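Heads up, the thing below is written out as structure tokens.
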Amino acid sequence: MEFTEAYKQTGSYAFSPNARFLAVAVDYRLVIRDVLSLKVVQLFSCLDKITYIEWAPDSEYILCGLYKKPMIQAWSLTQPEWTCKIDEGPAGVAYARWSPDSRHILTTSDFQLRLTVWSLVNTACIHVQWPKHGSKGVSFTKDGKFAAICTRRDCKDYVNLLSCHTWEIMGVFAVDTLDLADVQWSADDSAIVIWDSPLEYKVLIYSPDGRCLAKYQAYESGLGVKSVSWSPCSQFLAVGSYDQMLRVLNHLTWKVFAEFVHPSAVRGPCCAAIFKEVDEQLDMSELSLGDDFGQYSSDNASEAHIQVRYNVLEVPINLPSQKPPADKPNPKQGISLMSWSSDSQYICTRNDSIPTVLWIWDINHLELASILVQKDPIRAAAWDPTCPRLVLCTGSSHIYMWTPSGAYCINVPLPQFAVIDLKWNSDGSCLFLKDKESFCCASPEILQESSDYSSDD
Numbered sequence: 009m010e011f012t013e014a015y016k017q018t019g020s021y022a023f024s025p026n027a028r029f030l031a032v033a034v035d036y037r038l039v040i041r042d043v044l045s046l047k048v049v050q051l052f053s054c055l056d057k058i059t060y061i062e063w064a065p066d067s068e069y070i071l072c073g074l075y076k077k078p079m080i081q082a083w084s085l086t087q088p089e090w091t092c093k094i095d096e097g098p099a100g101v102a103y104a105r106w107s108p109d110s111r112h113i114l115t116t117s118d119f120q121l122r123l124t125v126w127s128l129v130n131t132a133c134i135h136v137q138w139p140k141h142g143s144k145g146v147s148f149t150k151d152g153k154f155a156a157i158c159t160r161r162d163c164k165d166y167v168n169l170l171s172c173h174t175w176e177i178m179g180v181f182a183v184d185t186l187d188l189a190d191v192q193w194s195a196d197d198s199a200i201v202i203w204d205s206p207l208e209y210k211v212l213i214y215s216p217d218g219r220c221l222a223k224y225q226a227y228e229s230g231l232g233v234k235s236v237s238w239s240p241c242s243q244f245l246a247v248g249s250y251d252q253m254l255r256v257l258n259h260l261t262w263k264v265f266a267e268f269v270h271p272s273a274v275r276g277p278c279c280a281a282i283f284k285e286v287d288e289q290l291d292m293s294e295l296s297l298g299d300d301f302g303q304y305s306s307d308n309a310s311e312a313h314i315q316v317r318y319n320v321l322e323v324p325i326n327l328p329s330q331k332p333p334a335d336k337p338n339p340k341q342g343i344s345l346m347s348w349s350s351d352s353q354y355i356c357t358r359n360d361s362i363p364t365v366l367w368i369w370d371i372n373h374l375e376l377a378s379i380l381v382q383k384d385p386i387r388a389a390a391w392d393p394t395c396p397r398l399v400l401c402t403g404s405s406h407i408y409m410w411t412p413s414g415a416y417c418i419n420v421p422l423p424q425f426a427v428i429d430l431k432w433n434s435d436g437s438c439l440f441l442k443d444k445e446s447f448c449c450a451s452p453e454i455l456q457e458s459s460d461y462s463s464d465d
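Rendered as structure tokens:
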């Protein structure tokens, strides 16, 4: 794997949907770089520090959220002299997002007073009163024709279906939730999933015309749903819960067909490959050292002697778990990190009460495929969008890669670089690695097509 040099950043970043450009915030400047060379192709200056970046779906426009101001600025990559500024005045701006047609921006005001659709074509704007959330509660169909916007009025939650062409409300229906948490369209646009707040375990699946197709409740009297995710093929709906279980529903009957537990002790029989990160001390006595070696400090030299690698473990094993305090809200337990592979064959999860362990499940065979036991808590994990390859980071100077054929540790060859976040671009050709104040990019090798990586449809 090849790595670039480090470049400065101060927070938000985003790959363009066409995979050609990388936008990075550096204080109040928006820097647009070419993905292949990382050369600067555009530089825009905003009126305040940039806290959020989002590309338009056509990769021609980009918006910057200046939430401290609060306002939105938008820029055009093809017309650098064009500019747009959105200011809601006293209402403020809590969040902004692009519409699927790349010609409208949706903003949510502070205190969820209203959601506004701003047109970049004719400066018209349309209001939707009482949106349920700021950054959540809005979902678009994959074909870009409709938007589902959650609202709340008279102590009741509603879903508003809007046409993304005219922005007229096509339908409104009430949903059976106490406190709606979020909404998601399926990838094939055939269903809408809605789930309740953690205080009430409830997952509801609706058709676009408002019919309730299914209602799922795994248990009562306890904290409920923590994460929900459709598979890319739309056939599976994964639900992660505070009871440290992952449940997967099918799209035909909306019944649970798989329940995956995340125990702190793994016993046999278990067919999963278990990898544990360990330090490896290098023997430097046999290496010939050049005259330049004396220029390095003893600290750097001692760091260079230590590498990390994976050991393969056998069951039974005990995993390092932690019990959340009972007197504090939002306990660190349950399935919060959950991500599907692009072919829907694998899903990775992290149980927050065992934060150093990543679980990889094989949906085709309904079994645990692998366990990765890290030294530090897992910060982020991302699947290659082109093949079943997973990369994760833990805030160390390494990244960790898993494929169906094995797992390995990769050192990032940059001084004092700790990877706290990572992201693939849409064609899998570039991997963004983020440090606290800098970033670099990596070019992974292309996996060869083989029986190890192909799914059984």
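Letter by letter, the sequence shown follows residues 9 to 465 in the numbering used here.
Heads up, the beta-carbon is just placed ideally off N, CA and C, and yes, glycines get one too.
Since we're looking at a predicted model, the values are computed, not measured.
Enumerated in chain order, which unbroken segments of the alpha helix (DSSP H) with a length of 4 residues or greater are wholly contained in the stretch 14-78? none
Sub-7 Å separation of M9 and A450 beta-carbons: yes
Specify the secondary structure class of I190 as computed by DSSP and reduced to three states. The sequence shown places Asp at residue 190, rather than the Ile named in the question. In this structure, D190 counts as strand in the three-state DSSP scheme.
Measuring alpha carbon to alpha carbon, tell me which residue in C438, S378, E453 is nearest R28. C438
For P339, which residues from the same chain have a beta carbon less than 6 Å from its beta carbon, with the 5 sequence-adjacent residues on both sides left out? P332
For A189 versus K164, is the C-beta spacing smaller than 7 Å? no
Neighbourhood of S143 by C-beta distance below 6 Å, restricted to the same chain and skipping five residues each side: Y103
If we ignore side chains and look at the alpha-carbon of each, how far apart do Q225 and S194 end up? 20 Å
Going by beta carbon distance, what residues of the same chain come within less than 8 Å of E403, once the five residues before and after it are set aside? First, the amino acid is wrong: residue 403 is Gly here, not Glu. D384, P385, R387, A426, V427, I428.
Leaving out five residues before and five after N466 in sequence, what residues of the same chain have Cβ atoms less than 6 Å from its Cβ? Within the shown structure, residues of the chain are numbered from 9 to 465, placing residue 466 beyond reach of any answer.
Beta bridge counterpart(s) of D287 as assigned by DSSP: V316
Quick check on the burial criterion: 16 or more other C-beta atoms within 10 angstroms. Buried or exposed for D7? Since the first residue of the chain shown is 9 and the last is 465, residue 7 is not available in this structure.
Candidates S242, A246, Y250: which alpha carbon is nearest K234's? Y250
Beta carbon of D162 nearer than 7 Å to that of L186: no
Tell me which residues share the same chain as D35 and place their Cβ nearer than 7 Å to its Cβ, disregarding the 5 neighbours each side in the sequence. T18, K57
Relative to the C-alpha of R358, which candidate in E68, W369, S352, S350 has its C-alpha closest? W369
In angstroms with no decimal places, state the Cα-to-Cα distance between A82 and L380. 41 Å
Do you know whose CA, among Y21, F268, T116, A415, lies nearest T159's CA? T116
If I measure Cβ to Cβ from L321 and keep anything under 6 Å in the same chain, skipping five residues before and after, which residues do I get? I282, K284
Could you have a look at Q137 and say whether DSSP puts it in helix, strand or coil? strand
Assigned exposure category for G298 - 16 Cβ within 10 Å defines buried: Its pLDDT being 47, under 50, G298 is placed unreliably in this model, and the value from its coordinates should be taken loosely. Under this definition G298 is an exposed residue.
Excluding the five sequence neighbours on either side, which residues of its own chain have a C-beta within less than 6 Å of the C-beta of S24, listed in chain order? W63, S67
For H112 versus V125, is the C-beta spacing smaller than 7 Å? yes
Which residue's Cα is closest to the Cα of V365: S344, E375, C241? S344
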